[in-house]
Amino acid sequence: MATCAKCGGELEPERTRAASISGSIMGDEYTDCFFLCPKCQAYTVVNFHDRFLGEETSSSRGPVSKAEGDAKVALIKQCSRPWDKKCRCAAHREYFGGWLD
321 MATCAKCGGE LEPERTRAAS ISGSIMGDEY TDCFFLCPKC QAYTVVNFHD RFLGEETSSS
381 RGPVSKAEGD AKVALIKQCS RPWDKKCRCA AHREYFGGWL D
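Position 67 of the sequence shown, counting from 1, maps to 387 under this note's numbering, and the rest follow consecutively.
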């Protein structure tokens, strides 16, 4: 279970995950999951990196302001297949900034 990067509260995935998106960069899969803390209204982003040749790692970053997080979540929700690392829709291309395979 993730913890809020601002207040340290527990972020239960079923209640706090706002959006996630996956993309393939140089054969590796990157997934960003945005969690909105119900206590402090800040986002924490958990990043998963599934290496083509190697171990999967995860890290988190934040706090991300509600305004910035809301904008990223809105962008992700423009895609009908955010879990599809091979999707090349406008939202995926903008989110990953042209780095997709």
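Where a beta carbon is used, it is the ideal one built from N, C-alpha and C, also for glycine. A quick note: this is a predicted structure, and the numbers were derived from the prediction, not measured.
| Asked | Found |
| --- | --- |
| Residue(s) in a DSSP beta bridge with Cys353 | Ser340 and Val366 |
| Given Glu375 as reference, the closest of Thr364, Ala394, Lys386 and Asp348 once Cα atoms are compared | Asp348 |
| Beta-carbon gap between Arg371 and Cys353 smaller than 8 Å | no |
| Endpoints, beta strand (DSSP E) assigned at Gly389 | Careful: Gly389 lies outside any beta strand (DSSP E), inside the alpha helix (DSSP H) at Lys386 to Ile396. |
| Beta-carbon gap between Ser344 and Lys392 smaller than 8 Å | no |
| Counted within 10 angstroms of its Cβ, other Cβ atoms place Leu373 as buried (16 or more) or exposed | exposed |
| Through-space distance from Gly329 to Gly417, alpha-carbon basis | 31 Å |
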